[in-house]
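Asks:
Numbering (this note's numbering), first residue to last: -8 to 478.
#1: Pull up the distance between the alpha-carbon of residue 169 and that of residue 385, whole angstroms please.
#2: So is residue 255 buried or exposed if we call it buried at 16+ other beta carbons inside 10 Å?
#3: Verify the CB distance criterion: does residue 105 have a CB-CB separation below 9 angstroms to chain C?
#4: Of the choices 299, 263, 267, whose alpha-carbon is the least far from that of residue 276?
#5: If distances are taken between C-alpha atoms only, which option among 412, 425, 415 comes closest to residue 404?
#6: Using DSSP with H/G/I as helix, E/B as strand and the rest coil, what is residue 325?
#7: Give the single residue among 354, 64, 375 whose Cα lies nearest to the Cα of residue 124.
#8: Can you tell me whether residue 16 is helix, strand or coil according to DSSP?
#9: Residue 278: which of 262, 270, 251 sits nearest, CA to CA?
#10: Can you give me the Cβ contacts of residue 145 inside the same chain, cut-off strictly under 7 angstroms, excluding the 5 residues immediately before and after it?
#11: Grab me the residues of residue 453's own chain with a C-beta within less than 6 angstroms of its C-beta, minus the 5 sequence neighbours each way, in chain order.
#12: Quick check on residue 110: does DSSP put it in helix, strand or coil?
#13: Helix, strand or coil: how does DSSP classify residue 163 here?
#14: Between residue 295 and residue 162, which are expected to be in contact by the criterion C-beta below 8 angstroms, what is the C-beta distance as a whole number of angstroms?
#15: Within 8 angstroms, do at least three Cβ pairs link the segment 183 to 203 to the segment 335 to 353?
#16: Please state the DSSP three-state secondary structure of residue 482.
#17: Identify every run of the beta strand (DSSP E) within the segment 333 to 387, keeping only runs that are complete inside it and at least 3 residues long; order them along the chain.
#18: First and last residue of the alpha helix (DSSP H) that includes residue 170?
#19: With 16 as the cutoff for other CB atoms within 10 Å, does residue 75 come out buried or exposed?
#20: Distance check for residue 262 and residue 233, CA to CA, integer angstroms please.
#21: Starting from the C-beta of residue 103, find all residues in its chain whose C-beta is less than 6 angstroms away, skip the five residues before and the five after it, and write them out in chain order.
#22: With three or more beta-carbon pairs closer than 8 angstroms as the criterion, would you say the segment 197 to 213 touches the segment 175 to 184?
#23: Take residue 148 and list the residues in its own chain whose beta-carbon comes closer than 7 angstroms to its own, dropping the five residues that flank it on each side.
#24: Classify residue 148 as helix, strand or coil using the three-state DSSP reduction.
#25: The beta strand (DSSP E) that contains residue 192, what's its start and end?
#26: When the distance is taken between beta carbons, is residue 126 closer than 9 angstroms to residue 348?
#27: So, is residue 319 buried or exposed, given that buried needs 16 or more other C-beta atoms within 10 angstroms?
#28: Who are the Cβ neighbours of residue 282 in its own chain at under 8 angstroms, not counting the five residues just before and after it?
#29: Going by C-alpha distance, which of 387, 213, 229 is nearest residue 222?
#30: Is the beta carbon of residue 160 less than 9 angstroms from the beta carbon of residue 297?
#31: Quick one: using the 10 Å Cβ neighbour count with 16 as the cut-off for buried, is residue 470 buried or exposed?
#32: In three-state DSSP terms, what is residue 426?
#33: Give me the Cβ distance between residue 150 and residue 322, rounded to the nearest whole Å; I'm assuming they're in contact under 8 angstroms.
#34: Using CA coordinates, which residue listed in 230, 225, 241 is at the minimum distance from residue 175?
#35: Only counting the same chain, and skipping five residues up and downstream in sequence, which positions put a Cβ closer than 7 angstroms to that of residue 121?
#36: On the DSSP bridge list, what partners appear for residue 318?
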């Protein structure tokens, strides 16, 4: 790193949330014409949508300023009807073949996103010809008969056992992603505590503060420790300051960038000491990735369980479990969801979800994987990820790379690569001067070894290029001095 005094794990700052004003609202860009291309920081020519290099780098949280590189996404034109049926089929086959090759390459060089790509749903291929829709409440069938509620409820019951809540006392559903789980959890908290203030760390997923803006909630962004955990002392100060209002808290079970786990037990102690009774706070646990892993750890971790006074938990299904479509699970207490549940005659069901129509294929994918692996198989996957994360950390450090790995995490943080092409090749998540690799079940030691070798070679290229620039500048100065002395 250029500045040794700067911590390799420091984070970019965030803009404070805008307060809701009493003045009449006007659109920020009212009356102005705006073009999407004018707001993209790029000088690239039009990209080939099937080029394996035309992939935008992942940004885990919204960063203001030139840190984000906007790689413009191209579009595939719909083939003209003027083509003969034979030519159109041939062109479609060619396009899809190229796309499949692109997917294979991008899957092989993938380390920055927390997705488990190790799955095979060949037995379920026949499902794609059905429009499976679980619209409405998962526990109440609607008049639409092409659904997969039996699989959805089975998956929900599995998670209810995992998080220790009786089947008669919970409510939940399979979401489109972890973000929807956060939106729903915070929504339930807001509906039960309308005057509540949302508290979340500054390293929480961006969807948490998106929820605050969507629901017009007062929100407090709490600073974090160097590890990425919430600053418990600052949280206590905020809670004490606002003790006349209820508290809605987002607890991170693995932050997006550093994989940090907020200590749920410590937060509960803080609430108790500040005088908050259980009817005056609501805790949503964002366990997008690590919420699936922590129950299988052997260490004495602050476990997430409904035996403790929490309100809801959400995880992503396509991350640790793995699925061909984004999905997730959210579980809350049945008594809480009643504050937002209503009957819909059109559906012949109840409405308590964020979305109306809901993907009915996702529950089958999750049911299939959980049934095949079981609790024991999931535990083995967790142990493999934690072991390989330590291996990556040691490999990087042996190569002279500064790293950080939280004890309860499979996310290895290290110095941000200085080659954008390298970042895009391995699809790394970057923020400020750091990047990370999330070691998932599909990540092998061989892939980690290839990555480290590539990373070391990249650093050598950057260092050599920097040395050559210094030498070139020195020659230029020397040449100028010689020319000046001759004159």
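For glycine and all other residues, C-beta sits at the position ideal for the given N, C-alpha and C. Since this is a predicted model, take the numbers as computed values, not measurements.
Replies: In short:
#1: For the purposes of this step, residue 169 is identified with residue 178 of the chain shown, where counting begins at 1. For the purposes of this step, residue 385 is identified with residue 394 of the chain shown, where counting begins at 1. Their Cα atoms are separated by approximately 31 angstroms.
#2: Here the question's residue 255 lines up with position 264 in the chain shown. Result: buried.
#3: The chain labelled as chain C is not found in the depicted structure, where only one protein chain is given.
#4: Numbered from 1 along the chain shown, position 285 holds the residue referred to as residue 276. For the residues 299, 263, 267, the minimum Cα distance to residue 276 belongs to 299.
#5: Position 413 of the chain shown holds residue 404. The shortest Cα separation from residue 404 among 412, 425, 415 belongs to 425.
#6: The residue given as residue 325 occupies position 334 in the chain shown. Of the three classes helix, strand and coil, the one that applies to residue 325 here is helix, per DSSP.
#7: Residue 124 sits at position 133 when you count from the first residue of the chain shown. When each option's Cα is compared against that of residue 124, the closest is 354.
#8: Translated into positions along the chain shown, residue 16 becomes position 25. Low per-residue confidence applies at residue 16: pLDDT is 49, beneath 50, and the placement is therefore not dependable, though the value from the model is reported in the following sentence. Looking at residue 16 - three-state DSSP - the assignment turns out to be coil, as it is neither helix nor strand.
#9: Numbered from its first residue, the chain shown carries residue 278 at position 287. Comparing Cα-Cα distances from residue 278 to each of 262, 270, 251, the minimum goes to 251.
#10: For the purposes of this step, residue 145 is taken as the residue at position 154 of the chain shown. Excluding sequence neighbours, residue 145 sits near 358.
#11: Position 462 of the chain shown, counted from the first residue, corresponds to residue 453. Around residue 453: 409.
#12: Here residue 110 corresponds to residue number 119 of the chain shown, with the count starting at 1. If DSSP states are grouped into helix, strand and coil, residue 110 belongs with coil.
#13: Within the chain shown, the letter at position 172 stands for residue 163. Reduced to three states, the DSSP call for residue 163 is strand.
#14: Working through the chain shown from its first residue, we reach residue 295 at position 304. Working through the chain shown from its first residue, we reach residue 162 at position 171. So it is not a contact: roughly 17 angstroms between Cβ atoms.
#15: no
#16: Since the displayed the chain opens at -8 and closes at 478, residue 482 lies outside it and no answer follows.
#17: 333 to 335, 340 to 342
#18: By one-based count along the chain shown, residue 170 stands at place 179. First-last of the alpha helix (DSSP H) with residue 170: 169 to 183.
#19: Indexing the chain shown from 1 puts residue 75 at position 84. Exposed: under 16 other Cβ atoms inside 10 Å.
#20: Translated into the one-based positions of the chain shown, residue 233 becomes position 242. Translated into the one-based positions of the chain shown, residue 262 becomes position 271. Answer to the nearest angstrom: the Cα atoms are 12 angstroms apart.
#21: As a first step, residue 103 must be located in the chain shown, where it is residue number 112. So the qualifying residues of the chain are 49, 418, 419, 420.
#22: yes
#23: Locating residue 148 in the chain shown gives position 157, counting from the first residue. The residues are 158.
#24: Here residue 148 refers to the residue found at position 157 when the chain shown is read from its first residue. Helix.
#25: Start at 1 with the first residue of the chain shown, and residue 192 comes out as number 201. It spans 188 to 192 - the beta strand (DSSP E) in which residue 192 sits, taken as one unbroken run.
#26: Position 357 of the chain shown holds residue 348. Position 135 of the chain shown holds residue 126. Cβ atoms of residue 348 and residue 126: closer than 9 angstroms.
#27: The count along the chain shown starts at 1 and reaches residue 319 at position 328. By the neighbour-count rule (16 or more Cβ atoms within 10 Å), residue 319 is buried.
#28: Within the chain shown, residue 282 is the residue found at index 291, counting from 1. 244, 245, 276, 295, 304, 305, 306, listed in sequence order.
#29: The sequence position of residue 222 within the chain shown is 231, counting from 1. Measuring from the Cα of residue 222, the nearest candidate turns out to be 213.
#30: Along the chain shown, read from residue 1 onward, the residue named residue 160 stands at position 169. Along the chain shown, read from residue 1 onward, the residue named residue 297 stands at position 306. Closer than 9 angstroms, so yes.
#31: For the purposes of this step, residue 470 is taken as the residue at position 479 of the chain shown. Its Cβ having fewer than 16 others within 10 Å, residue 470 is exposed.
#32: Start at 1 with the first residue of the chain shown, and residue 426 comes out as number 435. Correct three-state label for residue 426: strand.
#33: On the chain shown, residue 150 is found 159 positions in, with the first residue counted as 1. On the chain shown, residue 322 is found 331 positions in, with the first residue counted as 1. Confirmed, Cβ separation roughly 6 angstroms.
#34: Taking the first residue of the chain shown as position 1, residue 175 is located at position 184. The residue with the shortest Cα to Cα distance from residue 175 is 241.
#35: Here residue 121 refers to the residue found at position 130 of the chain shown. Cβ within range, chain order: 137.
#36: Position 327 of the chain shown, counting from 1, holds the residue named residue 318. Looking at the DSSP assignment, residue 318 forms no beta bridge with any residue, so it has no partner.
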